[in-house]
Each structure stands twice: as C-alpha cells, then as structure tokens.
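Undergrad: Have a look at this one.
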Amino acid sequence: MELSFKVIIVGPGAVGKTSLLNRFVHNEFNLKYKLTIGVDFLTKNLEYKPSKFAKLQIWDIGGQERFKFLHRSFYDGAFGALLVFDLSRQHTFSRMKIWLSEMRSIVLNDIPKVIIGNKSDLIPEIGQIIDRNEVEKYAKNEGCLYIETSAKTGDNVEKAFLELTNHIVKKEEKK
Ligand code: GDP
Ligand code: MG
704 MELSFKVIIV
714 GPGAVGKTSL
724 LNRFVHNEFN
734 LKYKLTIGVD
744 FLTKNLEYKP
754 SKFAKLQIWD
764 IGGQERFKFL
774 HRSFYDGAFG
784 ALLVFDLSRQ
794 HTFSRMKIWL
804 SEMRSIVLND
814 IPKVIIGNKS
824 DLIPEIGQII
834 DRNEVEKYAK
844 NEGCLYIETS
854 AKTGDNVEKA
864 FLELTNHIVK
874 KEEKK
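Numbering follows my numbering, in which position 175 of the sequence shown is assigned residue number 878; successive positions increment by one, without gaps.
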C-alpha cells in the first residue's frame, strides 16, 4: 500500500513558505522574492522511516487576503499542516495565530500541525526578536510542535516535514 497525504503550508506573506518548499523538494534557495499567486503544489516522496515512504502533496497558498475565497478547497482533505511565521518580523507571529484559528474554524477534525519559526539564520545578526518561551507555550497549548528552520541554510527543514509526516502516519495507523 502506498501512503499518500495532502499537506498544507500556511502563514502570512513573505515568511518563507515557498522557500521552505523549494528547499525541501528541490534543495534550492532563492533570495529574490516571487509572490505566490493563488495556490501551487509540489509533491515529494519522503522516506519517513528506513525504507518506508510517503508521498506528500504539499499545497502552498498566496498569503493575500484576496485569495480568501480559495481557503475552503485549499484546506479540504488535508492530513496535516505547517504554520509558518518569520523570526525576524514580530507581527508575523500574531498573524500566524489568526491563520491557525481560521484553520480550526474550517478544518473541524484535529489534523497534526507543526508551527515553524523560519529565517533562524537571521537571529545571529538581528538578535532574538520573538520570545521563544512564548512561542513554545503557545504551540504546546495548541497541541502543535514548534520547530525553528532556515530555508536559506536548510537547517531543520527536512526535520519539520519528517515530524509532521510521522505524526500523520501514527495517527492513520491508529484508525
Ligand atoms: P512566502 O510568501 O511565505 O512564500 O515567502 P517566500 O518563500 O517567497 O520568501 C519571502 C522572502 O524571504 C524571499 O526573499 C526569501 O528569499 C526570503 N527567505 C525565505 N526563507 C528565508 C530564510 O530562511 N532565511 C532568510 N534569510 N531569508 C528567507
Ligand atoms: Mg509563497
């Protein structure tokens, strides 16, 4: 039996959603900002355990308000979600929380979720802008895992997808 899951990646604009996908799927990174229009998706066969594979179909959404009408079909059938904010911009954390509550109002079953603080490569330069304890407390409260990544260096990117996939697989095996 081949495992195949739809996974969604959400969060405010310019936090690095598309970059995380490009790093994970193509092992590439581009500093030029290219707006994601509407919805885009990529697939990757992930070895989540030695010789165990799951096909991930990862849906990436443009953060713009005007695509709100797409949200319902975007969330439909998702097995898991990555919620991304930008460690270098404080307001993206509160914006990400709004995405999570919107998701909860649309996706009524409790799907596995990982919260991602992206652009960790910038912290040595700009310092710790967002209180890590606060994020961890919030994530725990929401029943989510919290991982800090850098799409630029690749740090923890595969780990975030692995954690999410393992969580999904465990949940499916229980059914
Ligand atoms: P999206 O709107 O959430 O899809 O964000 P993008 O993936 O398009 O990235 C927005 C901008 O942030 C681009 O200029 C990226 O090059 C940059 N970016 C994304 N991830 C990182 C990262 O981990 N570190 C740094 N320094 N820049 C990043
Ligand atoms: Mg994008």
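Glycine residues also receive a C-beta, built at the ideal position from the N, C-alpha and C atoms.
#1: For Ser-853 and Asn-844, I'd like the C-alpha separation in whole angstroms.
#2: Can you find the residues in the same chain that come closer than 6 Å, C-beta to C-beta, to Leu-706, ignoring five residues on each side of it along the sequence?
#3: In whole angstroms, what separates the C-alpha of Gly-717 from that of Lys-755?
#4: So the alpha helix (DSSP H) Val-838 belongs to, where does it begin and stop?
#5: Can you tell me where the alpha helix (DSSP H) holding Val-872 begins and where it ends?
#6: So, using beta-carbon positions, are Ala-784 and Lys-735 closer together than 8 Å?
#7: Hey, would you say the C-beta of Leu-734 is under 7 Å away from at least one heavy atom of the ligand GDP?
#8: Roughly how many whole angstroms lie between the Cα atoms of Asp-789 and Tyr-849?
#9: Considering Lys-755, what are the terminal residues of the alpha helix (DSSP H) in which it resides?
#10: Is Lys-720 closer than 8 Å to Val-787 when the C-beta atoms are compared?
#11: Should Lys-720 be listed as close to the ligand MG, given that the test is whether its C-beta is under 7 Å from any heavy atom?
#12: What three-state label does DSSP hand Glu-805 in the structure shown?
#13: In terms of residues, what are the limits of the alpha helix (DSSP H) holding Ile-826?
#14: So, under 8 Å CB-CB, Ile-814 and Ala-781 are touching, yes? Tell me the CB distance rounded to an integer number of Å.
#15: Is Pro-827 buried or exposed, if buried means 16 or more other CB atoms sit within 10 Å of its CB?
#16: Give the DSSP-derived three-state secondary structure of Leu-738 in the structure shown.
#17: Assign Lys-720 to one of three DSSP states: helix, strand, or coil.
#18: Return the CA-CA distance between Lys-855 and Asn-725, expressed in angstroms with no decimal places.
TA: To lay it out plainly:
#1: One-based indexing of the sequence shown puts residue 853 at position 150. One-based indexing of the sequence shown puts residue 844 at position 141. Answer to the nearest angstrom: the Cα atoms are 24 Å apart.
#2: As a position in the sequence shown, residue 706 is number 3, starting the count at 1. Only Ala-757 meet the Cβ criterion.
#3: By one-based count along the sequence shown, residue 717 stands at place 14. By one-based count along the sequence shown, residue 755 stands at place 52. One point to set straight first is that residue 717 is Ala, not Gly, in the sequence displayed. A direct Cα-Cα distance of roughly 33 Å separates Ala-717 from Lys-755.
#4: Along the sequence shown, read from residue 1 onward, the residue named residue 838 stands at position 135. It spans 835-844 - the alpha helix (DSSP H) in which Val-838 sits, taken as one unbroken run.
#5: Against the sequence shown, residue 872 aligns to sequence position 169. Unbroken alpha helix (DSSP H) run through Val-872: 860-876.
#6: Here residue 784 refers to the residue found at position 81 of the sequence shown. Here residue 735 refers to the residue found at position 32 of the sequence shown. Result no, Cβ atoms of Ala-784 and Lys-735 do not sit closer than 8 Å.
#7: Within the sequence shown, residue 734 is the residue found at index 31, counting from 1. Yes; taking the cut-off as 7 Å, the Cβ of Leu-734 has a heavy atom of the ligand GDP nearer than that.
#8: The sequence position of residue 789 within the sequence shown is 86, counting from 1. The sequence position of residue 849 within the sequence shown is 146, counting from 1. Between Asp-789 and Tyr-849, the C-alpha separation is close to 13 Å.
#9: By one-based count along the sequence shown, residue 755 stands at place 52. Counting along the chain, no alpha helix (DSSP H) covers Lys-755; the unbroken beta strand (DSSP E) around it starts and ends at 755-764.
#10: Residue 787 sits at position 84 when you count from the first residue of the sequence shown. Residue 720 sits at position 17 when you count from the first residue of the sequence shown. Contact flag set, yes.
#11: In the sequence shown, counting from the first residue as 1, residue 720 sits at position 17. Yes, the Cβ of Lys-720 comes within 7 Å of a heavy atom of the ligand MG.
#12: Translated into the one-based positions of the sequence shown, residue 805 becomes position 102. Helix, per DSSP.
#13: Position 123 of the sequence shown, counted from the first residue, corresponds to residue 826. 826-829 is the extent of the alpha helix (DSSP H) around Ile-826.
#14: Locating residue 814 in the sequence shown gives position 111, where the first residue counts as 1. Locating residue 781 in the sequence shown gives position 78, where the first residue counts as 1. Going by Cβ atoms, the distance from Ile-814 to Ala-781 rounds to 6 Å, so yes, they are a contact pair.
#15: In the sequence shown, the residue the question calls residue 827 occupies position 124. Result: exposed.
#16: Mapped onto the sequence shown, residue 738 falls at position 35. Leu-738 falls in the coil class under three-state DSSP.
#17: Position 17 of the sequence shown, counted from the start, is the residue given in the question as residue 720. Helix, per DSSP.
#18: Your numbering for residue 855 matches position 152 in the sequence shown. Your numbering for residue 725 matches position 22 in the sequence shown. If I take the Cα positions, the gap works out to 10 Å.
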